[in-house]
Amino acid sequence: MVPTGILPLIKPAGMTSHDCVYRIRKLYQTKKVGHTGTLDPAVTGVLPICIGRATKVAEYMSDFGKTYEAEVTLGFSTTTEDAEGEMVEQKPVTQTWTDDQLKETLSSFLGEQVQIPPMYSAVKVNGKRLYEYARANQTVERPKRLITVHAIRFDGATQIQEGTYTIRFTVTCSKGTYIRTLAVSIGEALGYPAHMSKLVRTASGPFELSECISLDELSEMEIDQRLHQLLPFERALEGWKTVDVPADIEARIRNGAVLSTDELKTTERVVVYSESNELLAIYKPHPEKPGRMKPEKILFEPTEQAARKDQER
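The sequence shown begins at 854 in this note's numbering and counts up by one.
This is the structure:
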């Protein structure tokens, strides 16, 4: 039986998200593994990994809001907008700010705003990643995106060395937000070139750093112990509208039936459970049939025979 669940992983520095997936496939002895949104190699923190049937909800988890503990260093900017890149512009910091001034500057970034992703990023333009253009010294127009900063907190500031000034902050934001770019914008607001000097993701949706486990810890466990680290993949759908259905409707759902809004008691997307609390499916309004609901994602455990056929394909 293929293991199923969500592994709340702490991504170590120096590894890509794909590297982590490769390691998890080996540790859990299955190919059915996927991550839920990339983290830059230098960044550490929460990276939920979907295993088995949980891969069916990975697309929804990519939409999670994220929380980060970040550090921006004023004094010079870099090609990659983080500490990994080459210096582009330098302007020694010759002033300091009060905590209230820094809090006010950070607060100015609250709410919706347009952000342009960095050239060294995985955003695709004309079928190529932006970092591929950057490595080839090619410039291309980058797509603007609307992001939201839900909360931002000042955590302190330090003049670590002459000519630079470091500000620490915690930010909760929408998916697609580049903290590197936010760090550069904070520097611009204070009148200095800047880059992101440190970043840790402390939460991804409902998954927090405190419940995560490292690859080193997993490597020291037996397979049975590793299986106990998996969380139910229902966690990915926390906060969604839910409905329980009786046995006759459950049987129809298992056959992929289109249902009426009356049967599901809603006209909105809904997570459907059986009377025995088994997760069955996600249903959404039918685009062509008013008053009808169609399955968007089938999530129930397949029968042993169906599972065997699925593995053979």
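By construction, the Cβ of each residue, glycine as well, lies at the ideal position given by its N, Cα and C atoms.
Euclidean distance between Cα positions of residue i and residue j
i: SER1129; j: GLU1149; result: 21 Å
i: ILE1066; j: ASP872; result: 16 Å
i: THR958; j: GLY918; result: 22 Å
i: GLU942; j: TYR913; result: 39 Å
i: LEU1062; j: PHE1086; result: 17 Å
i: ILE1039; j: ASP1097; result: 48 Å
i: GLU934; j: LEU1068; result: 28 Å
i: LYS1142; j: GLY887; result: 34 Å
i: ALA1134; j: ILE1076; result: 29 Å
i: TYR1126; j: VAL899; result: 28 Å
i: MET868; j: PRO901; result: 15 Å
i: PHE1153; j: ARG1107; result: 8 Å
i: TYR881; j: ARG995; result: 39 Å
i: CYS903; j: THR926; result: 35 Å
i: THR931; j: ILE969; result: 16 Å
i: GLN1014; j: TRP950; result: 16 Å
i: TYR1018; j: GLN954; result: 14 Å
i: GLU1064; j: LEU1084; result: 10 Å
i: VAL1002; j: ARG1033; result: 14 Å
i: LYS981; j: LYS884; result: 26 Å
i: ILE1102; j: GLU1116; result: 8 Å
i: THR1119; j: PRO1099; result: 15 Å
i: GLU1091; j: PRO945; result: 47 Å
i: GLU1042; j: MET1049; result: According to the sequence displayed, residue 1042 carries Ala and not Glu. One C-alpha to the other measures close to 15 Å.
i: SER870; j: GLN1082; result: 19 Å
i: GLN1192; j: THR1025; result: An answer regarding residue 1192 cannot be provided, because it is not within the stretch 854 to 1166 covered by the chain.
Exposed unless 16 or more other CB atoms sit within 10 angstroms - verdict on residue i
i: ALA1104; result: exposed
i: LYS864; result: buried
i: ARG1006; result: exposed
i: ALA1110; result: exposed
i: GLY928; result: buried
i: ALA1036; result: buried
i: ARG1079; result: buried
i: TYR875; result: exposed
i: LEU963; result: exposed
i: PHE911; result: For clarity, residue 911 is Ala in the given sequence; the question names Phe instead. Buried, by the Cβ-count rule.
i: VAL967; result: exposed
i: ASP1163; result: With a pLDDT of only 46 at ASP1163, under 50, the local geometry of the prediction cannot be trusted, and the value read off the model is given with reservation. Answer is exposed; the Cβ neighbour count stays below 16.
i: ALA907; result: buried
i: GLY1167; result: Since the first residue shown for the chain is 854 and the last is 1166, residue 1167 is missing from the structure and cannot be characterised.
i: SER1072; result: exposed
i: MET940; result: exposed
i: SER1113; result: exposed
i: GLY905; result: buried
i: ALA989; result: exposed
i: GLY858; result: buried
Best match in the options for proximity to residue i [C-alpha to C-alpha]
i: ILE1020; options: ALA1047, GLU994, VAL1002, LEU1068; result: ALA1047
i: LYS909; options: ALA1089, GLY1109, SER1113; result: ALA1089
i: ARG1054; options: VAL855, PRO856, THR857, PRO861; result: PRO861
i: GLN1012; options: GLN948, SER1057, GLY1044; result: GLN948
i: THR891; options: THR1034, GLU1091, SER915, HIS1003; result: SER915
i: TYR1031; options: LYS956, THR920, THR889; result: THR920
i: GLU965; options: ALA1004, LYS956, LYS1051, GLY1016; result: ALA1004
Contacting residues, own chain, Cβ-Cβ under 8 Å from residue i (five flanking each side not counted)
i: ALA866; result: PRO894, ALA895, VAL896, THR897
i: ARG1122; result: TRP1093, LYS1094, ILE1135, TYR1136, LYS1137, PRO1138, GLU1149
Residues of its chain near residue i, where Cβ-Cβ distance is below 6 Å and the 5 sequence neighbours each way are ignored
i: PRO1140; result: none
i: GLY1029; result: ARG998, ILE1000
i: GLU922; result: THR1023, VAL1053, THR1055
i: GLU937; result: ALA895
7 Å Cβ shell around residue i - same chain, five flanking residues per side excluded
i: ASP952; result: PHE1007
i: GLU1131; result: PHE1153
i: PHE1060; result: PRO861, VAL899, PRO901
i: TYR1045; result: LEU927, GLY928, LYS944, VAL946
Chain D within 9 Å of residue i, Cβ atoms only
i: ASN1108; result: Going by chain labels, chain D is absent from the structure shown, which holds only one protein chain.
Next item on the list: Could you name each continuous beta strand (DSSP E) segment of 3 residues or more that falls completely within the region 855-919, going from the start of the chain to the end?
Entry: Within the region 855-919, the beta strand (DSSP E) runs of at least 3 residues that lie entirely inside it are, in chain order, 858-864, 886-888, 897-904.
Check: Of all the alpha helix (DSSP H) runs that stay within the bounds of the region 938-1010, which reach a length of 4 or more residues?
Finding: Listed in chain order, they are 952-960, 983-988.
Next item on the list: Tell me the start and end of each unbroken alpha helix (DSSP H) in the region 1077-1150 that is at least 4 residues and wholly inside, in chain order.
Entry: Listed in chain order, they are 1100-1106, 1114-1117.
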